[in-house]
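Offset between the sequence shown (1-based) and the numbering used here: plus 19. Cβ atoms here follow ideal geometry from the backbone N, Cα and C, with glycine treated the same way. Read through the structure below, which is laid out as structure tokens, and then see the notes.
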Amino acid sequence: MAEIYDLAHEVFGKYARKLEPYSPQLSLDLVKAHMSISREKWLSLVLLVSVLALGITLLIALPAGILLYGMKAGSILKPVLIAIVLAAVSGALTFYYPSLVVAERKKKIDNTIAFATIYMSTISRSGFPPQHLFRLLAKFKDYGEISKESALISRDVELFGVDLPTAMTKAIARSPSADWTELLAGLRTAITIGGDLGAFLEEKAKGFVADYKRRLQDFSNLLSILIEVYITLVIVGAVFFIVTTSIIVAIGGMSTSTLKIMNFAMIIIGIPLLTGAFILIIKGVSPMAD
20 MAEIYDLAHE
30 VFGKYARKLE
40 PYSPQLSLDL
50 VKAHMSISRE
60 KWLSLVLLVS
70 VLALGITLLI
80 ALPAGILLYG
90 MKAGSILKPV
100 LIAIVLAAVS
110 GALTFYYPSL
120 VVAERKKKID
130 NTIAFATIYM
140 STISRSGFPP
150 QHLFRLLAKF
160 KDYGEISKES
170 ALISRDVELF
180 GVDLPTAMTK
190 AIARSPSADW
200 TELLAGLRTA
210 ITIGGDLGAF
220 LEEKAKGFVA
230 DYKRRLQDFS
240 NLLSILIEVY
250 ITLVIVGAVF
260 FIVTTSIIVA
270 IGGMSTSTLK
280 IMNFAMIIIG
290 IPLLTGAFIL
300 IIKGVSPMAD
């Protein structure tokens with residue numbers, strides 16, 4: 020992957036530098052996404068992807084348009100417009116990919132922080148020193164992104180010799196989650212002034228658990244609505260579509276072969292696509308840890 024970044028930077032680096040002032044948030048998103056690449060190189064990659072999408076689409080669509088419709092203005096203009104749109108979409112998706120990674124990491128942290136805080140509170144109450152909190156948390160892989168963040172804090176302290184408050188400050192700067200930032204800031208303050216870590220973590224755990232219960236209740240209500248929509252749209256809608264098209268065929272408004280094609284398309288393509296879309300929506304709004 021590094022070779023692609025280097026190639027993109029070599030070809031489009033000078034253009035990417037001109038775009039940097041217009042994308043100040045990108046650097047922060049790259050850090051929070053744990054993507055070890057500079058903003059200039061990522062913008063170069065965005066330009067490379069856009070140009071490749073434009074070129075590949077033109078190579079395919081332009082000859083196809085000429086072969087199908089002949090040498091007309093429309094057969095050339097339409098492929099060009101399609102290529103421009105696909106290039107813009109490809110570039111936009113590449114540009115915003117780090118922010119999508121950040122949003123996914125935030126969701127995973129927010130979904131597990133209540134349980135991780137309970138675990139940290141138990142460790143602290145057992146008499147372990149503060150730096151051991153993150154070492155032990157890093158070994159507990161069930162906490163996903165929190166375990167990864169804890170591993171980085173532990174690495175900074177044990178391998179690089181950074182003091183714990185400074186390592187936590189660095190973790191706050193790259194945190195994608197406001198809750199994780201708040202927890203780390205509170206821990207740093209408690210460690211610096213010598214507060215009761217166990218009491219602090221226990222209090223934070225209660226707050227996070229209450230928030231998690233509220234989000235579960237909200238998700239339950241939303242899930243009920245989505246199920247009703249799914250039943251109405253997919254099941255009842257499919258039956259209504261079949262009955263309606265059958266009536267149209269009966270009065271001679273449509274051929275039987277066309278009806279069969281439409282019904283097969285709905286069953287084989289339409290319903291699976293709608294079902295998949297509903298699954299993705301539910302997965303996206305679910306507060307449950309992956």
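Exposed or buried, what is Asp175 when buried is set at 16 or more other beta-carbons lying within 10 Å of its beta-carbon? So Asp175 ends up on the buried side.
Given this structure, state the Cα-to-Cα distance separating Ile267 from Val104, to the nearest angstrom. Those two C-alpha atoms are separated by around 38 Å.
Just to confirm, are Leu235 and Ile301 a CB contact at a threshold of 8 Å? Against a cut-off of 8 Å, the Cβ pair of Ile301 and Leu235 comes out as no contact.
Between the stretch 67-81 and the stretch 141-153, can you find at least three pairs of beta-carbon atoms closer than 8 Å? The stretch 141-153 makes no contact with the stretch 67-81, as fewer than three CB pairs between them are under 8 Å.
Among Glu221, Val253, Glu59, Lys51, which has the Cα closest to the Cα of Lys37? Out of Glu221, Val253, Glu59, Lys51, Glu59 has the C-alpha closest to the C-alpha of Lys37.
Decide if Asp182 is buried, meaning its Cβ has at least 16 other Cβ atoms within 10 Å, or exposed. Exposed, since its Cβ has fewer than 16 Cβ neighbours within 10 Å.
Who are the Cβ neighbours of Ala190 in its own chain at under 7 Å, not counting the five residues just before and after it? The answer, listed in chain order, is Glu168, Leu171, Ile172, Leu203.
Count Cβ pairs between the stretch 129-138 and the stretch 95-110 that sit closer than 8 Å; are there 3 or more? No, they do not touch.
Hey, out of Leu252, Phe227, Met307, Ser109, whose CA is closest to Val70's CA? The residue with the shortest Cα to Cα distance from Val70 is Ser109.
Given a cut-off of 8 Å, decide if Leu62 and Glu29 are closer than it, judged by their beta-carbon atoms. No, these two residues do not count as a Cβ contact at 8 Å.
Local Cβ density within 10 Å of Met307, reported as buried at 16 or more and exposed below that: Counting every other CB atom within 10 Å of its CB across the protein chains shown gives Met307 a total below 16, marking it as exposed.
Own chain, CB closer than 7 Å to Arg14, minus 5 neighbours either side, in chain order: This structure cannot speak to residue 14, because the chain is shown only from 20 to 309.
Within its chain, find whatever has a CB closer than 7 Å to the CB of Asp129; leave out the 5 residues flanking it on each side and keep chain order. The beta carbon of Asp129 is closer than 7 Å to those of Ser196, Asp198 in its chain, skipping five residues each way along the sequence.
Of the choices Ser305, Phe260, Ala52, Ser265, whose alpha-carbon is the least far from that of Met285? Relative to Met285, the option among Ser305, Phe260, Ala52, Ser265 whose CA is nearest is Phe260.
When DSSP labels each residue in this structure, what does Leu178 get in the three-state scheme? In the structure shown, Leu178 sits in coil (DSSP, three-state: anything other than H, G, I, E or B).
Please report the Cβ distance between Ala229 and Phe219, rounded to the nearest whole angstrom; I am assuming they are in contact, meaning their Cβ atoms lie under 8 Å. Beta-carbon to beta-carbon, Ala229 and Phe219 are separated by about 16 Å, too far to satisfy the 8 Å threshold.
Let's test the definition: count the other Cβ atoms within 10 Å of the Cβ of Asp215 and tell me whether it reaches 16, buried, or not, exposed. Asp215 sits exposed, since fewer than 16 C-beta atoms from the chains shown fall within 10 Å of its C-beta.
Under a Cβ-count criterion, where at least 16 other Cβ atoms within 10 Å of its own Cβ denotes burial, should Arg124 be classed as buried or exposed? Counting the other CB atoms within 10 Å of its CB gives Arg124 a total of 16 or more, which places it among the buried residues.
Three-state class that DSSP yields for Arg124 in the structure shown: Arg124: helix per DSSP, three-state reduction.
Segments of 4+ residues assigned as alpha helix (DSSP H) that fall wholly inside the stretch 210-262: List check, alpha helix (DSSP H) in window: 216-249.
Measuring straight from C-alpha to C-alpha, what distance separates Thr113 and Ala106? About 11 Å.
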